[in-house]
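With the numbering used here applied, the sequence shown covers 91 to 633.
Glycine included, every Cβ here is placed at the ideal spot set by N, Cα and C.
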Amino acid sequence: MAEPLVRIFDTTLRDGEQSPGVSLNLHEKLEIARQLARLGVDIIEAGFPIASPGEMAAVQAIAAEVRGPVICALARTRRGDIDAAAQALRTAERARIHTFTSGSRVHLEHMLRLTEDQALEMAVDAVRYARKFTDDVEFSAQDVARADPAFLVRLYAAAVDAGASTINVPDTVGYSTPGEFAGIVGFLRERAEDLNPDVIVSVHTHDDLGLAVANALAGVEAGALQIECAVNGIGERAGNCALEEVVMALLTRRDHYGRAVAVRTEELYRTSRLVSKLSGMVVQPNKAVVGANAFAHEAGIHQDGVLKERSTYEIMRPEDVGVPETRLVLGKHSGRHALRERLTALGYGLGEAEFARAFERFKELADKKRGISDADLAAIVQAEVVAAAPEVYRLEYFQVTAGNTTVPTATVRVALLRSLSGADAGGGPGPVRGDACAAVQESATGDGPVDAVYRAIDRAVGREFRLDDYALRAVTGDKDAIGEVTIRLSDASGRTATALGASTDVIEASARAYMAAVNKLCGMPEARPGTEAAALAAGERQV
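If you want it as structure tokens, here you go:
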């Protein structure tokens, strides 16, 4: 037995456009309507024609061009409104007129200045009049959550009797709770179906308490077969039920709801981006289904799980909603598995020792940057692993004092690393990373903070080097971008070395590059006359 189909009634162009600050012109509305048709929504509520000449023109254009979905226009329970809606929909392939009043006493008394009997009489007249233009007439009574149930039964029964084929139950101010709303929907559905078994019950929920999607789904469980919603959940005040959320909830939990939808979900992401662009309403990163973080993972445990089996932390596939791919966000919570996967994808096949060094630098950087890009990774791997030389000296820390009224001063602490194959092992020199046998602290002044650091390092090492070239570039364009420093250094014998340093702090990047070059030079064999090393030193050798 086929599952009942829940119709998706999109009101992005009507209720969605009522979001404060949103105003769509005719061409923008038409572009969104075309995309909604590609998305496969069942009904497009194109606008409120009586509101303005521009609104009338937009609904007319959509009705004339867009095929597939039913094109709907809104009208109050006034004949002038209904005439305008009928005129706007005249060329639609399939047309619906949606007429509405209010159901709650607070609305009737303070806004409409009507008695319940007057509202009921106007509703019946409006539905009957709309039926002269189309058989597809929808009726709504605003604010049902605060209305008298007895009056609602009279009002909706009269609308069905007058010919409404769809009755909409709106929680206009987002006041209801899921259990309460399900009770209202089920109560009205049973009585409406007694009058017309074919009547469709619809729900329209707002998000004032953050319950729009939950209430809409509760309505479906109570028998509603139409949901009124907007792309990205835009709309009055806190917005409407979010189309993408309710659709994916019905599909992902089909086992629970037992309902189908006709929406082409792979168009959801594209539709979301289009509406965001044209409305000017930014989609927050943590927005369900279509937010930037919806399929992004940073926590190490999550990344490890997703890399092994996507379903461990993803209940939907990104491609099902049109998102290009799962995104592993590299940050301070990321683990070794995610970093190795990304480095492999970037073409770095690192050994265990090299990877350990890369991971150490990655963690240091992640504490300073919000997110680590591929360009950032390439910079630190190139500087700290690929182009690195074995350490003879290690810069343990540096401190700089500088300013426009201060002489730049730097203090550094440099450790000399002991050789495991030297005096202890009876071999030649062979400095090994990580085993410091002596440390020297020195200070120096300079023309600037970088110059001061370089002079202090020279003092700590006990040798003088010449800086032949210095270049600094930003790896990315962000405020917290990594600075990548490239230097060329030479010693008294003419040997040269080129090295890289990378950090969000350009002084630290400069110091790292300098120490890397010092280690290369100190690790080279002495240039004795007649040797290959001497011949190379005579030119400008780069390592």
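Bounding residues of the beta strand (DSSP E) (the contiguous stretch that carries residue i)
| i | result |
| --- | --- |
| Thr588 | Thr586 to Ser593 |
| Glu486 | Tyr483 to Gly493 |
| Leu562 | Arg556 to Ala564 |
| Cys162 | Val160 to Arg166 |
| Ile140 | Run containing Ile140: none; DSSP gives neither H nor E here. |
| Ser230 | Val227 to Gln232 |
| Thr295 | Ile290 to Thr295 |
Start and end residues, alpha helix (DSSP H) containing residue i
| i | result |
| --- | --- |
| Gln125 | Leu116 to Leu129 |
| Phe449 | Glu442 to Ala456 |
| Asn258 | Not the alpha helix (DSSP H): Asn258 falls in the beta strand (DSSP E), residues Thr256 to Asp261. |
| Ala378 | Taken as a continuous stretch (DSSP letters only), Ala378 belongs to no alpha helix (DSSP H), as it is neither H nor E. |
| Lys610 | Val596 to Gly613 |
| Ser40 | With the chain covering only 91 through 633, there is no way to say anything about residue 40. |
| Glu637 | As displayed, the chain neither begins before 91 nor continues past 633, which places residue 637 out of reach and without an answer. |
| Leu210 | Glu206 to Ala220 |
| Pro539 | Pro539 to Val551 |
Cα-Cα separation, residue i to residue j
| i | j | result |
| --- | --- | --- |
| Val291 | Asp297 | 20 angstroms |
| Val411 | Val365 | 15 angstroms |
| Arg508 | Ala607 | Confidence at Arg508 is low in this model, with a pLDDT of 49, below 50, so its placement is unreliable and the value that follows should be read with caution. Using only the alpha carbons, I get a separation of about 19 angstroms. |
| Thr576 | Gly325 | 52 angstroms |
| Pro521 | Phe488 | With a pLDDT of 37 at Pro521, under the threshold of 50, the modelled position of this residue cannot be trusted; read the value that follows with caution. Rounded to whole angstroms, Pro521 to Phe488 spans 22 angstroms at the Cα level. |
| Ala141 | Leu341 | 36 angstroms |
| Thr76 | Arg503 | Because residue 76 is not part of the residues shown, which for the chain are 91 to 633, the question remains open. |
| Asp514 | Ala456 | Low local confidence applies: a pLDDT of 31 at Asp514 is under 50, so the model's placement there is unreliable, with the coordinate-based value given in what follows. The straight-line gap from Cα to Cα measures roughly 38 angstroms. |
| Thr499 | Gly538 | 8 angstroms |
| Val263 | Asp233 | 7 angstroms |
| Asp548 | Phe555 | 7 angstroms |
| Arg545 | Val551 | 10 angstroms |
| Ser113 | Glu107 | 6 angstroms |
| Leu611 | Thr434 | 31 angstroms |
| Leu179 | Arg327 | 28 angstroms |
| Ser533 | Ala592 | 23 angstroms |
| Ser424 | Glu450 | 12 angstroms |
| Ala526 | Leu506 | Confidence is the limiting factor: at Ala526 the pLDDT is only 48, short of 50, which leaves the residue's position unreliable, though a coordinate-based value still follows. Straight-line Cα distance between these residues: approximately 6 angstroms. |
| Gly158 | Gly329 | 26 angstroms |
Bridge partner(s) assigned by DSSP for residue i
| i | result |
| --- | --- |
| Ala304 | For Ala304, which the question treats as bridged, DSSP gives no partner whatsoever. |
| Ser194 | Ala237 |
| Ala252 | Note: Ala252 sits in no beta bridge, so no partner. |
| Cys319 | Asp100 |
| Val575 | Leu562 and Gly591 |
| Val530 | Val504 |
| Leu95 | Ala350 |
| Glu135 | Cys162 |
| Ile52 | Limits of the chain in this structure are 91 at one end and 633 at the other, which puts residue 52 out of reach. |
| Thr332 | Before going further, note that residue 332 is Ala rather than Thr in the sequence given. Answer by DSSP bridge pairing, in chain order: Ala320. |
| Ser580 | Arg556 and Thr586 |
| Thr496 | Gly493 |
| Thr181 | None; Thr181 has no bridge partner. |
| Thr535 | Thr499 |
Among the options, nearest to residue i - alpha-carbon criterion
| i | options | result |
| --- | --- | --- |
| Glu454 | Thr594, Asp215 and Ala282 | Thr594 |
| Asp215 | Leu245, Gly193, Pro239 and Leu202 | Leu245 |
| Ala481 | Tyr560, Pro268, Asp284 and Ala589 | Sequence inspection shows Glu at residue 481; the Ala mentioned does not correspond to that position. The option with the nearest alpha carbon to Glu481 is Ala589. |
| Glu228 | Glu107, Ser369, Thr295 and Gln316 | Gln316 |
| Glu530 | Thr501, Val540 and Leu285 | Before going on, a small fix: residue 530 reads as Val here, not Glu. Nearest option by C-alpha distance: Thr501. |
| Asn322 | Ser362, Ala312 and Val337 | Ser362 |
| Glu183 | Ala304, Ile134 and Glu318 | Ile134 |
I want to know whether the stretch 180 to 194 touches the stretch 109 to 126 - three or more CB-CB distances under 8 angstroms. no
Touching by the beta-carbon criterion (3+ pairs, under 8 angstroms), the stretch 91 to 103 and the stretch 344 to 355: yes
Count the C-beta pairs between the stretch 192 to 207 and the stretch 138 to 151 that are closer than 8 angstroms, then say yes if the count reaches three, no if not. no
Contact the stretch 248 to 262 vs the stretch 279 to 289: 3+ CB pairs below 8 angstroms: yes
Three or more beta-carbon pairs under 8 angstroms between the stretch 244 to 254 and the stretch 215 to 223, yes or no? yes
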